[in-house]
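Letter by letter, the sequence shown follows residues 15 to 470 in our numbering.
Take a look at the structure set out below.
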Amino acid sequence: MKTIFEPFRIKMVEPIRMTTREERLAAIEQAGYNPFLIPAEKVLIDLLTDSGTSAMSTDQWAAMIKGDEAYACARSWYAFESAVKDITGFAHVIPTHQGRAAERLLFSVIAKEGMVVPSNTHFDTTRANIEHRGCRALDFVVPGGEDPEVIADFKGNMDIARLEECIKTNGTEKIPVVMLTVTNNATGGQPVSMENIRQTRAVCDRYGLPLFLDVARFAENAWFIKMREPGFADRSLKSICQEMFSYADGCTMSAKKDALVNIGGFIALNDEKLAVGLKNMLILTEGYATYGGLAGRDLEAIAQGLKEVVDEDYMRYRIHTVASLAERLNQANIPIFNPPGGHAVYLDARRFLPHLPPEQFPGQALVAELFIEGGIRAVEIGSVMFGYWDADGRFVGAPNELVRLALPRRVYTSSHMDYLVEVVVELHARRHQVRGLKFRYEAPVLRHFTSTFDRV
Ligand SMILES: *Cc1c(COP(=O)(O)O)cnc(C)c1O
């Protein structure tokens, strides 16, 4: 059979309350055309993020009921620790309440002012935590990695030559760690090949530098390796994950992605001395070393989620959902970022709305129209997020004007995707009528979260 269907039954449902176009128009106007300010109840299909929005399984809920809430060395801690060790192979595990807490902890211990942290591409919270320490976060993604029209298997890869150049220029004493984000979230969830992980490891070995992976989507990355990289087709998804981790000295994890839970994260690593330092900081800000800001039941849900995410039926369905959505949009001549990555499809708003210049925020305008047209909530990754005014007061747009349709894990069915495609196609047909936006209120930092807009 060719049809790939959701490998689960639904035994608990959350009703979606239908809305009218008029209601949605009023809601978006009131939200200042900012999707973060729309009440979730007014959204029909919520594709704002795949972070913390997963549906948990019966086994995860059952594990939560069994959660042991003892303060120290709870049974749930051991379940969590052994699940993390089983998949990562690292010797020390440090729980945190989410990914950025893991990053803050790591960089507060290893990064000193003036240092440099290279990566394929840092995720924005990673970058912010590095810069907060007075360090520079540098991105060395392979050429074409950020081009929505370049077709390649592993567009998330590190540019090894530029990494090595960076190490030579700055000197190893200036570099506390080399990072590799798998999949590469900031460039569209594009995968990183095993070969590239090995090559990055080889450079780190040559210069005596530690390698940490940012593994929010490690299992999605492993699936792409299985599907695309020679020699991996017959390997189990779990063993590919384990091999990825084997080349690193440690990792930071946002469990809100590939651990299939609503909250949580961790650091796992081999260096005992560093682990002790991290645990001391953890106790200061997050909680005791065996819970790190999480409840026992959260630790249980993560432990179970880490087992479920390497289930191949699940991952085949997961990646197929994204790929088939992208394929249908491509067939309808909708401009998207190709090929799709693991967790989202990105509309290319520059080509979708070519009549809107960057200072009229084509991505944000498209986000607003998706909501008005079909109650779909997406997020702009373009000039609202990354544009700026130069010294002469001219607006400099972002390199890409993208709209991310992130797919929560195990939440929506293929009929929801049918509806989504219909809305996008409908909108594309009347794209010439879409008007641009201008700031009503421009937030001074992290503009996309709280700024508001009016129609031009
Ligand atoms: C989400 C994410 C983070 C941050 O994790 P939070 O749980 O949101 O704090 C870090 N890196 C990557 C690649 C992510 O996708």
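Note that beta-carbon positions come from the ideal geometry of N, C-alpha and C, so glycine has one too.
Check                                                                                                                                                  : Outcome
State the start and end residues of the unbroken alpha helix (DSSP H) segment that holds A93.                                                          : R89 to T102
Suppose contacts are defined by Cβ-Cβ distances below 9 Å. Is F226 in contact with T266 by that definition?                                            : yes
Tell me whether D468 sits in a helix, a strand or coil according to DSSP, three-state version.                                                         : strand
Thinking C-alpha only, which one of M431, A216, F238 and G148 is nearest G170?                                                                         : F238
For P224 and M431, I'd like the C-alpha separation in whole angstroms.                                                                                 : 42 Å
Could you give the distance in angstroms between the alpha-carbon of R242 and the alpha-carbon of A166?                                                : 10 Å
With hydrogens ignored, establish whether the beta-carbon of G159 is closer than 8 Å to any heavy atom of ligand 1.                                    : no
Any contact between the stretch 77-97 and the stretch 305-312? By contact I mean 3 or more CB pairs, one from each, below 8 Å.                         : yes
For S268, which three-state DSSP category applies?                                                                                                     : strand
Please determine whether the Cβ atom of S122 lies at a distance below 8 Å from any heavy atom of ligand 1.                                             : no
For N352, does the three-state DSSP call read helix, strand or coil?                                                                                   : coil
In the DSSP output, what is W403 paired with across the bridge?                                                                                        : F409
Please name the residue, chosen from I181, A303, A236 and Y433, that lies closest to V217 on a Cα-to-Cα basis.                                         : I181
For I124 versus L296, is the C-beta distance shorter than 9 Å?                                                                                         : no
Mind checking G202: buried by the 16 CB within 10 Å criterion, or exposed?                                                                             : buried
Out of E117, H334, L370 and F375, state which residue places its alpha-carbon closest to the alpha-carbon of G355.                                     : H334
Could you compute how far the alpha carbon of G319 sits from the alpha carbon of A97?                                                                  : 9 Å
Count the C-beta pairs between the stretch 38-47 and the stretch 415-423 that are closer than 8 Å, then say yes if the count reaches three, no if not. : no
According to the neighbour-count rule (16 or more other Cβ atoms, all chains shown, within 10 Å of its Cβ), is G159 buried or exposed?                 : buried
Where do the ends of the alpha helix (DSSP H) carrying L501 lie?                                                                                       : Look at the range of the chain in this structure, 15 to 470, and you will see that residue 501 is not part of it.
In angstroms, rounded to a whole number, what distance separates the CA positions of I188 and Y261?                                                    : Checking the displayed sequence, the identity of residue 188 turns out to be Lys instead of Ile. Going by the C-alpha atoms only, they are around 22 Å apart.
From L120 to L292, what does the alpha carbon distance come to, in whole angstroms?                                                                    : 7 Å
Just to check my reading of the structure: E300 and A115 have Cβ atoms closer than 8 Å, yes? What is that Cβ distance to the nearest angstrom?         : 6 Å
Would you check whether ligand 1 has a heavy atom nearer than 8 Å to the C-beta of N199?                                                               : yes
Looking at the structure shown, is T214 part of a helix, part of a strand, or coil, going by DSSP?                                                     : helix
If you reduce the DSSP assignment to three classes, tell me which class A142 lands in.                                                                 : helix
Using alpha carbons as the reference points, say which of T139, R147 and P368 lies closest to V130.                                                    : R147
Quick check: G388 and G411, are their CB atoms within less than 9 Å of each other?                                                                     : no
Please state whether the Cβ-Cβ distance between I316 and F280 is less than 9 Å.                                                                        : yes
Do G71 and K271 have their C-beta atoms within less than 9 Å of each other?                                                                            : The amino acid at residue 71 is misidentified as Gly; the sequence shows Ser. Cβ distance not < 9 Å, so S71 and K271 don't count as in contact.
Within the structure, which residues are defined as neighbours of ligand 1 by a Cβ-heavy atom distance below 6 Å, reported in chain order?             : S65, Q112, G113, R114, F137, T139, T140, T195, N199, D228, A230, S268, K270, K271 and G279
By the three-class DSSP mapping on this structure, what secondary structure does P376 have?                                                            : helix
Scan the stretch 159-198 and note each continuous alpha helix (DSSP H) run of 4 residues or more that stays entirely inside, going in chain order.     : 174-184
What residue from S429, N210 and P371 has the CA that sits closest to G401's CA?                                                                       : P371
Under DSSP, the alpha helix (DSSP H) around S133 begins and ends at which residues?                                                                    : Where S133 is concerned, there is no enclosing alpha helix (DSSP H), although the beta strand (DSSP E) it sits in stretches over V130 to S133.
Please name the residue, chosen from L283, S207 and G306, that lies closest to N294 on a Cα-to-Cα basis.                                               : G306
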